[in-house]
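Protein chains in written order, with our numbering: chain A, 1 to 111; chain B, 112 to 226.
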């Protein structure tokens, strides 16, 4: 089946690092993605990683990929209150035509 | 410019009404998508258009009718909806409908309430 799994909630203190985890199922997924959704808004692409990479860093964001375990993580350094949102990981299936989203992780940043 | 524009932002309709949701992008993308998102759930794919042709219909009821008049526009025609169809409807576009780097760019959505 096409199930992408994530933990549903994460709460961190402002200034700490956040780590959001995801497991995916389709070993043929060539790219994996992280999207952010703020309340009442659409999905904003945060970053993506090619499947032959182990890590990708983009400013405060670090993506780690363990292809053997089909595990993806997103680390946000120096988490700010503006980072409070729902974070979705997604994989492409059906030769890239379809996105399958995880259930989303609600990140709460406490002052 | 990575903007996908959806109108209207909010829509309230009765079960006997006919309305349309509109989506527009000027990024030259040749694949466009409709998703439905219920509260606290991930988006669920409804339709995919690739080069203005419907390529995927995820068993969506016929009361939802998509239309792609040209490569920049995507409509979703609504008729005889049910209260359970109330949701956020998201449009997205990507450079192609197939292939590896299928980055999808999303609009802000239309929040639909069916009374």
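All C-beta atoms in this analysis are idealised placements derived from N, C-alpha and C, irrespective of residue type, glycine included.
Quick check on this structure: which residue in the options has the alpha carbon closest to the alpha carbon of residue i?
i: residue 223 of chain B; options: B:115, B:114, B:130; result: B:130
i: residue 101 of chain A; options: A:108, A:107, A:89; result: A:89
i: residue 217 of chain B; options: B:135, B:122, B:225; result: B:135
i: residue 137 of chain B; options: B:176, B:117, B:189; result: B:117
i: residue 184 of chain B; options: B:196, B:171, B:175, B:202; result: B:202
i: residue 87 of chain A; options: B:151, B:124, B:163, B:126; result: B:151
i: residue 181 of chain B; options: B:125, B:148, B:142; result: B:142
i: residue 120 of chain B; options: B:132, B:140, B:189; result: B:132
i: residue 6 of chain A; options: A:70, A:109, A:83; result: A:70
i: residue 27 of chain A; options: A:84, A:36, A:45, A:3; result: A:3
i: residue 104 of chain A; options: A:22, A:58, A:13; result: A:22
Assign residue i to buried or exposed, taking buried as 16 or more other Cβ atoms, counted over all protein chains shown, within 10 Å of its Cβ.
i: residue 1 of chain A; result: The predicted model places residue 1 of chain A with a pLDDT of 45, which falls under 50 and marks its position as unreliable; any figure quoted below should be read in that light. It counts as exposed.
i: residue 146 of chain B; result: buried
i: residue 80 of chain A; result: exposed
i: residue 204 of chain B; result: buried
i: residue 225 of chain B; result: buried
i: residue 77 of chain A; result: exposed
i: residue 213 of chain B; result: buried
May I ask which residues mark the beginning and end of the beta strand (DSSP E) holding residue i?
i: residue 49 of chain A; result: 43-50
i: residue 98 of chain A; result: 98-101
i: residue 140 of chain B; result: Neither: residue 140 of chain B is in no beta strand (DSSP E) and is coded neither H nor E.
i: residue 155 of chain B; result: 155-161
i: residue 73 of chain A; result: 71-76
i: residue 59 of chain A; result: First-last for residue 59 of chain A: undefined, no H or E at that position.
i: residue 124 of chain B; result: 121-124
i: residue 164 of chain B; result: 164-168
i: residue 118 of chain B; result: 115-118
i: residue 105 of chain A; result: 105-110
Name the DSSP bridge partner or partners of residue i?
i: residue 31 of chain A; result: A:50
i: residue 173 of chain B; result: DSSP, once it has assigned bridges, lists no residue as partnering residue 173 of chain B.
i: residue 4 of chain A; result: Beta-bridge pairing links residue 4 of chain A to no other residue.
i: residue 178 of chain B; result: B:186
i: residue 79 of chain A; result: Answer by DSSP bridge pairing: none, since residue 79 of chain A is not bridged.
i: residue 36 of chain A; result: A:44, A:87
i: residue 24 of chain A; result: In DSSP, residue 24 of chain A forms no bridge with anything.
Discussion item. Quick check for students: name the residue ranges of the beta strand (DSSP E) that lie wholly in the segment 185-225 of chain B, counting only runs of 3 or more.
Written reply: Counting only runs of 3 or more, we get 198-205, 221-225.
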